[in-house]
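Visitor: Under my numbering, think of the first position of the sequence shown as 426, with each following residue one higher.
Using N, Cα and C, we set each Cβ at its ideal position, and we do this for glycine too.
A quick note: this is a predicted structure, and the numbers were derived from the prediction, not measured.
Here it is, the structure, as structure tokens.
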Amino acid sequence: MNDTKHIWRVFLLVLIAIAAFMVGRLLFVPKTFGQFGHYRAANVLEQRAFPVKYQGAESCEPCHADEFALWKNAGHKTIVCEDCHAPYDSHIKNDEKFADMEINRTADFCLRCHQKLTARPEKFPQVNAIEHLAEFKMELTDTVCFKCHGPHDPTPKDPIDKTVTPKTIKELKPK
Ligand code: HEC
Ligand code: HEC
Ligand code: HEC
Ligand code: HEC
């Protein structure tokens, strides 16, 4: 018997290791793991219960048809409303407005996407703000872009400041 003792000892160690593994598995593998496949089945329900924050531009159309129509046919149509404003769910609850929608009216905001940078694709519309404004003898102030550009149709033909018209822009811009 004495000469097989070391074999039993190894056998016992292996048994203990297997038992420890089984107990560990019971403790750590989530309950619904493997119910339908190699994943935790309850995760599907958790993902489904996640509140939807963004709803896309179409979700704004029923209440803001004018802005939507202007935007849809103009240069910013590739930017979803919520990119410039804020998520749908910060503004609408149960199909009604419950809080103001964010609006950023600063030049900084436009320049985040349009300041001339070597890293931007050449074809992307971009300006050196100081030089662009100097063409019109203007200086960079917080709301200056809106004198000539609207946000929904950014071409200067729809400026917010109605005293600035395509004609006065032409006069302002020496060429
Ligand atoms: C490029 C950024 C940008 C995008 C894209 C954009 N907006 Fe705006 N929006 C603005 C800014 C800036 C103002 C504030 C303009 C002003 O001072 O009149 C504004 C104003 C508004 C207003 C308030 C208008 C008013 O007269 O008070 C509404 C409503 C609105 N946007 C809806 C939308 C909807 C709907 C879309 C998508 C179809 C959209 N916006 C896309 C930047 C954007
Ligand atoms: C169920 C209707 C409804 C929907 C949907 C809706 N809005 Fe509004 N929104 C309103 C009302 C009402 C006002 C306040 C009166 C107004 O300016 O027309 C408003 C105002 C705004 C304003 C001006 C700031 C303010 O809060 O008064 C902006 C900007 C705006 N909405 C953007 C959006 C965008 C972007 C979406 C889509 C993500 C959207 N809205 C979806 C009803 C809606
Ligand atoms: C989130 C990024 C973003 C913001 C913020 C933004 N723009 Fe744009 N803008 C774009 C993109 C993208 C285009 C379309 C580029 C293209 O056609 O390839 C564009 C196009 C334009 C154009 C050219 C329009 C045309 O029809 O050729 C002008 C002018 C412009 N934007 C001005 C502005 C002004 C002014 C603001 C601030 C109110 C602003 N943009 C805010 C991304 C942005
Ligand atoms: C006095 C009017 C005026 C003001 C203020 C103004 N712009 Fe412009 N912008 C124009 C005109 C006009 C054009 C048309 C292109 C041209 O003739 O230079 C233009 C063109 C652009 C373009 C398109 C450039 C291209 O390569 O297609 C962008 C982007 C732009 N402006 C961004 C801005 C931003 C950002 C501001 C604020 C810092 C601003 N603009 C302020 C009048 C103005």
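How about Ala442: is its C-beta nearer than 9 Å to some C-beta of chain D?
Guide: The displayed structure is made up of one protein chain only, and chain D is not part of it.
Visitor: Using only alpha-carbon positions, find the residue among Ile504, Arg465, Ala474 that is nearest to Glu483.
Guide: What you label residue 483 is simply residue 58 of the sequence shown in a count that begins at 1. Minimum Cα distance to Glu483 is reached at Ile504.
Visitor: Let's test the definition: count the other Cβ atoms within 10 Å of the Cβ of Ala442 and tell me whether it reaches 16, buried, or not, exposed.
Guide: The sequence position of residue 442 within the sequence shown is 17, counting from 1. The residue in question, Ala442, is exposed, as its Cβ has fewer than 16 Cβ neighbours within 10 Å.
Visitor: Alpha carbon to alpha carbon, how far is Gly449 from Gly500? Give it in angstroms, no decimals.
Guide: As a working mapping, residue 500 is identified with position 75 in the sequence shown. As a working mapping, residue 449 is identified with position 24 in the sequence shown. Using only the alpha carbons, I get a separation of about 59 Å.
Visitor: Which same chain residues end up closer than 8 Å to Gln460 when comparing Cβ atoms and leaving out the 5 residues on each side of it in sequence?
Guide: The residue labelled residue 460 in the question sits at position 35 within the sequence shown. Around Gln460: Ala466.
Visitor: With 16 other CB atoms within 10 Å as the buried threshold, where does Asp520 fall?
Guide: Reading the sequence shown from its first residue, position 95 is the one you call residue 520. So Asp520 ends up on the exposed side.
Visitor: Are three or more beta carbon pairs between the stretch 508-519 and the stretch 470-481 nearer than 8 Å?
Guide: Because the criterion of three Cβ pairs below 8 Å is met, the stretch 508-519 and the stretch 470-481 touch.
Visitor: How would you write the range of the alpha helix (DSSP H) that Glu492 sits in, first residue to last?
Guide: Position 67 of the sequence shown, counted from the start, is the residue given in the question as residue 492. 490-497 is the extent of the alpha helix (DSSP H) around Glu492.
Visitor: Run through the DSSP bridge pairs and tell me what Glu521 is partnered with.
Guide: Mapped onto the sequence shown, residue 521 falls at position 96. According to DSSP, Glu521 bridges with Lys518.
Visitor: Check the DSSP bridge columns for Gln551 and list the partner residues they point to.
Guide: In the sequence shown, counting from the first residue as 1, residue 551 sits at position 126. According to DSSP, Gln551 bridges with nothing at all.
Visitor: If you drop the 5 nearest sequence neighbours on each side, which residues of the same chain put their C-beta closer than 6 Å to that of Glu527?
Guide: Here residue 527 corresponds to residue number 102 of the sequence shown, with the count starting at 1. Excluding sequence neighbours, Glu527 sits near His510, Ala511.
Visitor: What I want to know is whether the C-beta of Pro576 ends up closer than 8 Å to one or more non-hydrogen atoms of ligand 4.
Guide: The residue labelled residue 576 in the question sits at position 151 within the sequence shown. Because no heavy atom of ligand 4 lies under 8 Å away, the Cβ of Pro576 does not count as near it: no.
Visitor: Going by alpha carbons, who is nearest to Asp578 out of Glu564, Cys506, Glu471?
Guide: Translated into the one-based positions of the sequence shown, residue 578 becomes position 153. Checking every option, the nearest Cα to that of Asp578 belongs to Cys506.
Visitor: What does DSSP give as the partner residues of Phe458 in its beta bridges?
Guide: Stepping through the sequence shown from its first residue, residue 458 is reached at position 33. Partner(s): Arg465.
Visitor: From what residue to what residue does the alpha helix (DSSP H) around Ile432 run?
Guide: Against the sequence shown, residue 432 aligns to sequence position 7. Where Ile432 is concerned, the enclosing alpha helix (DSSP H) stretches over 430-453.
Visitor: Would you say Pro579 touches ligand 4, meaning its beta carbon is less than 8 Å from a heavy atom?
Guide: In the sequence shown, residue 579 corresponds to position 154, counting from 1. Result yes, Cβ under 8 Å from ligand 4.
Visitor: Quick check on Gln540: does DSSP put it in helix, strand or coil?
Guide: The count along the sequence shown starts at 1 and reaches residue 540 at position 115. Of the three classes helix, strand and coil, the one that applies to Gln540 here is strand, per DSSP.
Visitor: Start and end of the alpha helix (DSSP H) containing Cys570?
Guide: Residue numbering aside, residue 570 sits at position 145 when the sequence shown is read from its first letter. Taken as a continuous stretch (DSSP letters only), Cys570 belongs to no alpha helix (DSSP H), as it is neither H nor E.
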